[in-house]
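Here is the structure we will look at.
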Amino acid sequence: MARETHTAGHPAAPLQDRIQRRHTIAAVVYFLYGIFYLFGAQYLTSMQQTQRGMSNPEVFFVLGGVITVVFPLLIYRRLALGLSVYWRAQRQTLSISFTLLLGVLVLLRVLALLRGGVFTKTWLHTAALVVAAINATCLIWAGWSRPVWVTRAAEEPSALSGPGS
């Protein structure tokens with residue numbers, strides 16, 4: 000008869016799994032954020048309240064739809080923009096996380112909403128502020144988990160040629 004083995008505790012997930020889980024949560028929250036804003040924009044457009052700022056609402060909705068679909072995919076894939084610098088025989092790469100950068104931009108939007116006092120106009124504006132704050136928190140939480148500087152020793156030409164050269 001086969002015996003079952005039970006361990007006393009659940010081992011901690013590897014670091015990469017935890018980072019990916021954070022980015023998955025941030026991608027889902029950003030997708031919901033985008034859907035919320037598209038519904039809010041549809042609501043405001045149907046009430047004719049946005050005509051002064053939007054000359055062509057169709058373009059706004061197409062762009063909003065593309066951003067709602069593409070940005071969560073980039074967040075999930077953990078896109079990072081890299082800038083390599085060679086200094087003292089070491090290659091240092093500045094890794095700018097797309098997720099962190101997007102989180103900072105959403106945080107700036109939250110601060111603009113707070114500063115302008117727009118959130119006090121209607122319940123929809125207040126909900127937009129809360130959703131944006133939650134989204135900014137998730138994006139910064141996921142983006143902060145990546146290292147900013149990655150340092151590697153420069154590879155020797157003999158190491159690049161491979162074995163048996």
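Residues in the sequence shown are numbered consecutively from 0, following numbering that gives the first Met the number 0. Each residue gets a CB set at the ideal place from its N, CA and C atoms; glycine is no exception. In this text, all values refer to a predicted model and were calculated from it rather than measured experimentally.
- Unbroken alpha helix (DSSP H) stretches of 4 residues or longer found wholly inside the stretch 23-89: 56-75, given in chain order.
- For Trp122, the enclosing alpha helix (DSSP H) covers residues 122-142.
- Residue Phe38 holds the alpha-carbon nearest to the alpha-carbon of Phe60 among Trp140, Phe38, Tyr32, Ile133.
- Going by C-alpha positions, Leu113 is about 31 Å away from Gln19.
- The three-state reading of DSSP puts Gly115 in helix, counting H, G and I together.
- Below 8 Å, enough C-beta pairs join the stretch 129-140 and the stretch 99-109 to call them touching: three or more.
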